[in-house]
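Below is one structure, written out as structure tokens, with a few remarks after it.
Chains as they are written, first to last, in the numbering used here: chain V, 1 to 360; chain U, 361 to 449.
Rendered as structure tokens:
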């Protein structure tokens, strides 16, 4: 069970400590700076915080002494990476996600960015390398922005059974899988469907705007995605997906997968894409416990309508205990659940807009 | 010698007082400051060597065009101000 929760917001990073059945605010870091991603590496306790400064670009800070002191690192860089045809040479626009490598890969951290590059470090962030096999794939220049001007890589799943198997999700560029640590990549995603494309390209794997990927850590063949126009599940790995009929709405950004129960996942639905607010101002979480055959709508402890909170891709997380959940909204609302989402409790705080919640 | 000063927003990574420089351009001036202020350049310049979109450079009171700001010749008595652009929020 994680003892902490990190909340990355538009105005700094907030660290919450477990207290009873909830959490209490313990420390704040980088107040005033937009935090786009954070990670507490479970293997060595290193803290990584990615900032997205309005004027001065993307910054990366690391603490090896649990936040007592911080070192500013050179972030991943596109220096020397050539421009695509008809485009400017790429530069780092945002760090969207940071994920630890496997237990057998100390110091290895993966980093997903806008404009779409996947980077990794083997020395705790001192030096970063762009994954060239994925970037140089001839289909990559067809990736397009999804919510931002540039494509972004937001989800990185490292197989707990085999660290060389990694699955990533891109808005918009589909689901890609490597089984050799990133040397070769396969575009997966049969069965995903893109409503926003002309009919003849609706099932084109490259055009799938997977908003977020999550899988069951104990059974990582069970993969979920909250997609731009639907919720999909792959029961036997990311090759083949089945569209589900979720409660409330198919639109949303976030999904969290139960760490041990392969059929259980949570979602934070919103009215579809031209609106992006909770249907009828009713802010809910949905849950399936039967592999997506049915969904429950969870409301206990969440605000009553009107509540126009929206949850971004990294705003819904389940802890390794499978019971503790955190939910953060772009209105700065933060909720905890200690019972798998049956009931929620609001954090006693009004926070800045929340980009990500992360147990650690 | 030209004088270069930096917005107080950069106080963590830039010289705290205006600096005199014999460098011919702002890019060259930043290079001379890099040993003592290694994070300064990446705050102002992106990973392809371009001035960041929301950084403004004034030379003798005039806003320098973004594409040329780093490489404009700096006169001997020039006063250069590196500021945050309001467009950046």
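Ideal Cβ placement from N, Cα and C applies to all residues, glycine included.
Closest by C-alpha distance to residue i, when choosing among the options
{"i": "residue 226 of chain V", "options": "V:343, V:208, V:218, V:115", "result": "V:208"}
{"i": "residue 8 of chain V", "options": "V:314, V:348, V:339", "result": "V:314"}
{"i": "residue 203 of chain V", "options": "V:222, V:178, V:215, V:229", "result": "V:229"}
{"i": "residue 354 of chain V", "options": "V:340, V:37, V:347, V:330", "result": "V:330"}
{"i": "residue 300 of chain V", "options": "V:345, V:98, V:318", "result": "V:345"}
{"i": "residue 12 of chain V", "options": "V:321, V:59, V:44", "result": "V:59"}
{"i": "residue 68 of chain V", "options": "V:206, V:27, V:257, V:255", "result": "V:27"}
{"i": "residue 400 of chain U", "options": "V:317, V:210, V:36, V:55", "result": "V:55"}
{"i": "residue 247 of chain V", "options": "V:308, V:257, V:97, V:267", "result": "V:267"}
{"i": "residue 378 of chain U", "options": "U:392, U:363, U:427", "result": "U:363"}
{"i": "residue 130 of chain V", "options": "V:347, V:309, V:95", "result": "V:95"}
{"i": "residue 277 of chain V", "options": "V:312, V:245, V:261, V:221", "result": "V:312"}
{"i": "residue 102 of chain V", "options": "V:61, V:164, V:326", "result": "V:164"}
{"i": "residue 172 of chain V", "options": "V:154, V:223, V:182, V:186", "result": "V:154"}
{"i": "residue 3 of chain V", "options": "V:29, V:40, V:10", "result": "V:40"}
{"i": "residue 135 of chain V", "options": "V:292, V:307, V:112", "result": "V:112"}
{"i": "residue 263 of chain V", "options": "V:190, V:215, V:181", "result": "V:215"}
{"i": "residue 307 of chain V", "options": "V:357, V:118, V:281", "result": "V:281"}
Span separating the alpha-carbon of residue i from that of residue j
{"i": "residue 144 of chain V", "j": "residue 336 of chain V", "result": "34 Å"}
{"i": "residue 443 of chain U", "j": "residue 410 of chain U", "result": "16 Å"}
{"i": "residue 142 of chain V", "j": "residue 85 of chain V", "result": "11 Å"}
{"i": "residue 440 of chain U", "j": "residue 421 of chain U", "result": "8 Å"}
{"i": "residue 162 of chain V", "j": "residue 179 of chain V", "result": "8 Å"}
{"i": "residue 362 of chain V", "j": "residue 279 of chain V", "result": "The structure shown does not extend to residue 362 of chain V, since chain V spans only 1 to 360, so no value can be given for it."}
{"i": "residue 376 of chain U", "j": "residue 174 of chain V", "result": "47 Å"}
{"i": "residue 333 of chain V", "j": "residue 283 of chain V", "result": "11 Å"}
{"i": "residue 152 of chain V", "j": "residue 436 of chain U", "result": "45 Å"}
{"i": "residue 249 of chain V", "j": "residue 270 of chain V", "result": "6 Å"}
{"i": "residue 396 of chain U", "j": "residue 349 of chain V", "result": "41 Å"}
{"i": "residue 384 of chain U", "j": "residue 365 of chain U", "result": "16 Å"}
{"i": "residue 309 of chain V", "j": "residue 211 of chain V", "result": "17 Å"}
{"i": "residue 170 of chain V", "j": "residue 115 of chain V", "result": "10 Å"}
{"i": "residue 341 of chain V", "j": "residue 417 of chain U", "result": "52 Å"}
{"i": "residue 373 of chain U", "j": "residue 92 of chain V", "result": "20 Å"}
{"i": "residue 326 of chain V", "j": "residue 245 of chain V", "result": "24 Å"}
{"i": "residue 64 of chain V", "j": "residue 73 of chain V", "result": "12 Å"}
{"i": "residue 70 of chain V", "j": "residue 15 of chain V", "result": "15 Å"}
{"i": "residue 261 of chain V", "j": "residue 219 of chain V", "result": "8 Å"}
{"i": "residue 323 of chain V", "j": "residue 5 of chain V", "result": "14 Å"}
Exposure label - residue i; buried when at least 16 CB within 10 Å
{"i": "residue 447 of chain U", "result": "exposed"}
{"i": "residue 304 of chain V", "result": "exposed"}
{"i": "residue 75 of chain V", "result": "buried"}
{"i": "residue 31 of chain V", "result": "exposed"}
{"i": "residue 188 of chain V", "result": "buried"}
{"i": "residue 184 of chain V", "result": "exposed"}
{"i": "residue 140 of chain V", "result": "buried"}
{"i": "residue 368 of chain U", "result": "exposed"}
{"i": "residue 106 of chain V", "result": "exposed"}
{"i": "residue 44 of chain V", "result": "exposed"}
{"i": "residue 146 of chain V", "result": "buried"}
{"i": "residue 402 of chain U", "result": "buried"}
{"i": "residue 42 of chain V", "result": "exposed"}
{"i": "residue 99 of chain V", "result": "buried"}
{"i": "residue 254 of chain V", "result": "buried"}
{"i": "residue 275 of chain V", "result": "exposed"}
{"i": "residue 294 of chain V", "result": "exposed"}
{"i": "residue 196 of chain V", "result": "exposed"}
{"i": "residue 19 of chain V", "result": "exposed"}
{"i": "residue 375 of chain V", "result": "This structure does not reach residue 375 of chain V, given that chain V is present from 1 up to 360, and the question cannot be answered."}
{"i": "residue 125 of chain V", "result": "buried"}
{"i": "residue 525 of chain U", "result": "Since the first residue of chain U shown is 361 and the last is 449, residue 525 of chain U is not available in this structure."}
{"i": "residue 297 of chain V", "result": "exposed"}
{"i": "residue 24 of chain V", "result": "exposed"}
{"i": "residue 121 of chain V", "result": "buried"}
{"i": "residue 80 of chain V", "result": "exposed"}
{"i": "residue 398 of chain U", "result": "exposed"}
Beta-carbon neighbours of residue i, restricted to chain U and to distances below 9 Å
{"i": "residue 78 of chain V", "result": "406, 407, 408"}
{"i": "residue 72 of chain V", "result": "372, 373, 399"}
Residue i CB to nearest heavy atom of the ligand NAP below 7 Å
{"i": "residue 307 of chain V", "result": "By its list of ligands, the structure shown contains no ligand whatsoever, and the ligand NAP lies outside what it can speak to."}
Cross-chain neighbours of residue i in chain V, by beta carbon under 8 Å
{"i": "residue 415 of chain U", "result": "55, 56"}
{"i": "residue 445 of chain U", "result": "55"}
{"i": "residue 433 of chain U", "result": "None at all; the shortest Cβ gap to chain V is about 25 Å."}
{"i": "residue 369 of chain U", "result": "55, 56"}
{"i": "residue 412 of chain U", "result": "55, 56, 57"}
{"i": "residue 378 of chain U", "result": "By Cβ distance, chain V contributes nothing, its closest Cβ being about 19 Å from residue 378 of chain U, past 8 Å."}
Contacts that residue i makes with chain U (C-beta to C-beta distance below 8 Å)
{"i": "residue 92 of chain V", "result": "406, 407"}
Within chain U, the residues that residue i reaches when beta carbons sit closer than 7 Å
{"i": "residue 68 of chain V", "result": "None at all; the shortest Cβ gap to chain U is about 18 Å."}
{"i": "residue 89 of chain V", "result": "408"}
Contacts of residue i in chain V (Cβ-Cβ under 7 Å)
{"i": "residue 448 of chain U", "result": "54, 55"}
{"i": "residue 425 of chain U", "result": "The premise fails here: residue 425 of chain U is roughly 17 Å from chain V at the closest Cβ pair, so nothing lies under 7 Å."}
Residues that residue i contacts on chain V, provided the C-beta gap is smaller than 9 Å
{"i": "residue 395 of chain U", "result": "Within 9 Å Cβ-Cβ: nothing; residue 395 of chain U doesn't reach chain V, min ~15 Å."}
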